[in-house]
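In this note's numbering, the protein residues as written are 2 to 435. Where a beta carbon is used, it is the ideal one built from N, C-alpha and C, also for glycine. Let me begin by presenting the structure, written as structure tokens, before commenting on it.
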Ligand SMILES: [Fe+2]
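As structure tokens, this is what we get:
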């Protein structure tokens, strides 16, 4: 314990001659100044209380004392001086609480006028610690009620406390009560903060769990659709990964990224209404069959419109995944400004994955071939900003900067890294920096 805060002029346990008349106020002020320093210098609550008790005892020239604090229906010794450990707690009786509330100043416990509940409590302490004859009780509390009390032994001068010492003790008790109240508020706030932090973490965990269940349900729905066409197995999940990487690269808001993710997984859900024979037909489609298959974005929209997604425009994004910037797409023939960015992203990711996958009517294209198709249709089909982000992403995967990325994972046909980088760099130069 750092006892350097104890003012040397107070002299803890020495009987001192009374200060000269003019010096009494200075003595009192210094004692209070040093008393308040205890709370700034103590490393923790208990040490501050221990220092404060030492200053109180020194000010009153008393060798033994204990500070009791109310906790869970009892008054327990928080710190003591000159006493053995193990002082039992005192029961917080109604009478004792009322007596402490009334005792606004330090009381001499041996007076007949002292409340019976206080005398009873003191007697209990003295029975437990016979070497601690209690002379004074100094109540601690606020207008809300008692916080505890100080029990002080006999002054070593053999005389009672002077009026000034009692006054000083009263002020110290008020300061001590404020400090204890403040510390309890801080402690309660800290506990509340811990509880809140725990609840927030718990909620986040629950939310993550629900998010996973939610995504699993969405995936199950997509898988059910893909089961009609074995050639498209895993297509939705791959499109979702590519789309999300582009959306993140374009720094879309988090809710829009999540909307892109869900719409990508479910973009072809409308194919649930398309005949399996059309989906798996190994030769080119007739005009009628083509018309049939071109209905699926609208059906996707109708199905998804019935679902209340926590993200905006999921149904609209799915509806727009076959729209081209020049208005030649379907189902609405929308042009550039009317097609949402999310739909432009899914359109490119969908087309790329379809190109590099085997289909019943053709085998998969090479990476360079697919990239060439996208480059050839820039501005007419694909958004330049989306394509730029896509090419940058593919480059990072090709060079190994981004291993296990969504674009190259699952690519059936090989490619030349040098050729791919050269091609992508050329495409990026054409696209410009932004
Ligand atoms: Fe589609």
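Item                                                                                                                                                                              : Value
Less than 8 Å separating the beta-carbons of residue 328 and residue 336?                                                                                                         : yes
For the stretch 299–319 and the stretch 254–269, state whether three or more C-beta atom pairs, one from each stretch, are separated by less than 8 Å.                            : yes
Within 7 Å: the Cβ of residue 382 and any heavy atom of ligand 1?                                                                                                                 : no
Can you find at least 3 beta carbon pairs, one from the stretch 186–204 and one from the stretch 221–230, that sit closer than 8 Å?                                               : no
Who are the Cβ neighbours of residue 396 in its own chain at under 6 Å, not counting the five residues just before and after it?                                                  : 425
Examine the Cβ distances between the stretch 176–193 and the stretch 133–146 and report whether three or more of them are shorter than 8 Å.                                       : yes
Assuming residue 68 and residue 84 make a contact with CB atoms under 8 Å, what is their CB distance in whole Å?                                                                  : Residue 68 to residue 84, Cβ: 11 Å. No contact.
With burial defined as no fewer than 16 other Cβ atoms inside 10 Å of the residue's Cβ, what is the status of residue 173: buried or exposed?                                     : buried
Spatial neighbours of residue 419 within its chain, please: C-beta separation below 6 Å, excluding the five flanking residues on both sides.                                      : none
Closest to residue 312 by C-alpha separation, out of 261, 41, 249, 291, would be which residue?                                                                                   : 261
Consult DSSP for residue 135 and reduce its assignment to one of helix, strand or coil.                                                                                           : coil
Tell me the residue span of the alpha helix (DSSP H) that contains residue 177.                                                                                                   : 164–227
With 16 as the cutoff for other CB atoms within 10 Å, does residue 431 come out buried or exposed?                                                                                : exposed
Is residue 332 near ligand 1, in the sense that its beta carbon is under 7 Å from a heavy atom of that ligand?                                                                    : no
When we look at the beta-carbon of residue 89 and count the other beta-carbons within 10 Å, is it buried (16 or more) or exposed?                                                 : exposed
Below 7 Å, is the gap between the Cβ of residue 268 and the nearest heavy atom of ligand 1?                                                                                       : yes
Got a sec: is the Cβ-Cβ distance from residue 298 to anything in chain C below 8 Å?                                                                                               : Absent here is chain C; the protein component of the structure consists of one chain.
If we require 3 or more residues per run, which beta strand (DSSP E) segments fall completely within the stretch 30–111?                                                          : 66–72, 75–82
Which of the three DSSP states is assigned to residue 326 in this structure?                                                                                                      : coil
CB of residue 370 to nearest heavy atom of ligand 1: below 7 Å?                                                                                                                   : no
Whole angstroms are fine: how far does the CA of residue 110 sit from the CA of residue 165?                                                                                      : 19 Å
Thinking C-alpha only, which one of 39, 70, 73 is nearest residue 57?                                                                                                             : 39
May I ask whether a heavy atom of ligand 1 can be found less than 7 Å away from the beta carbon of residue 361?                                                                   : no
Does the stretch 186–194 come into contact with the stretch 110–125, if we say contact requires no fewer than three beta-carbon pairs (one atom in each stretch) closer than 8 Å? : no
Classify residue 30 as buried or exposed, calling it buried when 16 or more other Cβ atoms lie within 10 Å of its own Cβ.                                                         : exposed
For the candidate residues 46, 105, 137, 354, whose alpha-carbon lies nearest to that of residue 243?                                                                             : 354
Does the stretch 150–159 come into contact with the stretch 64–81, if we say contact requires no fewer than three beta-carbon pairs (one atom in each stretch) closer than 8 Å?   : yes
Please list, in chain order, all residues of the same chain as residue 384 whose beta carbon is under 6 Å from its beta carbon, the five residues on each side excluded.          : 345
Give me whichever residues DSSP pairs with residue 143 in a beta bridge.                                                                                                          : 146
Is the closest heavy atom of ligand 1 to the C-beta of residue 323 under 7 Å?                                                                                                     : yes
On the premise that residue 98 lies in contact with residue 147, defined as a C-beta separation below 8 Å, what is that separation, rounded to the nearest angstrom?              : 6 Å
Just how far apart, CA to CA, sit residue 139 and residue 44?                                                                                                                     : 25 Å
So, residue 517 versus residue 269, is the Cβ gap smaller than 8 Å?                                                                                                               : In the structure as shown, the chain begins at 2 and stops at 435. Residue 517 is therefore absent and cannot be evaluated.
Got a sec? Which residues, its chain only, sit under 6 Å from residue 106 by beta carbon, not counting five neighbours each side?                                                 : 171
Could you give the first and the last residue of the continuous alpha helix (DSSP H) run that contains residue 306?                                                               : 297–306
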